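Residue numbers (this note's numbering): 2 to 113.
Written out below as structure tokens is the structure these notes cover.
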Ligand SMILES: [Zn+2]
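Here is the structure:
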């Protein structure tokens, strides 16, 4: 689960939770790639109906958690995944699709 890849042009690939489904892809410009909360982005639904939601903000503590670094201090696949999700958020911000709270103000956590 989570993004398998994101490139500099904002092309995303991922898979839904159903192992029988094919890999999915979309560009960040797709209207269904959008924030649903300040820290959550939804992706277009899979043909099976499953929709993927990604956490796109991480605190320093979360990025330093035991699952993010191995015993030798090297980043784990979980850390790489988090970085891809952060990159997705940054690309959405660049594309003018930053999270906007219901009061119309940019979320203050946007600087994180
Ligand atoms: Zn599926």
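From the three backbone atoms N, C-alpha and C, an ideal C-beta is built for every residue, glycine too.
Remember, it's a predicted structure, so these values are computed and weren't measured experimentally.
Close CB contacts of residue 18 within its chain, under the 7 Å cut and outside five residues either way in sequence, are with 2 and 51 (chain order). When DSSP reads this structure, residue 35 sits in a beta bridge with 43.
The nearest non-hydrogen atom of ligand 1 is less than 7 Å from the C-beta of residue 19. The continuous alpha helix (DSSP H) containing residue 93 extends over residues 78-95.
No heavy atom of ligand 1 is found nearer than 7 Å to the CB of residue 27. Under the DSSP definition of a beta bridge, residue 29 lacks any partner.
Note on residue 53: 16 or more other CB atoms within 10 angstroms of its CB, so buried under the neighbour-count rule. Here residue 6 is bridged, per DSSP, to 14.
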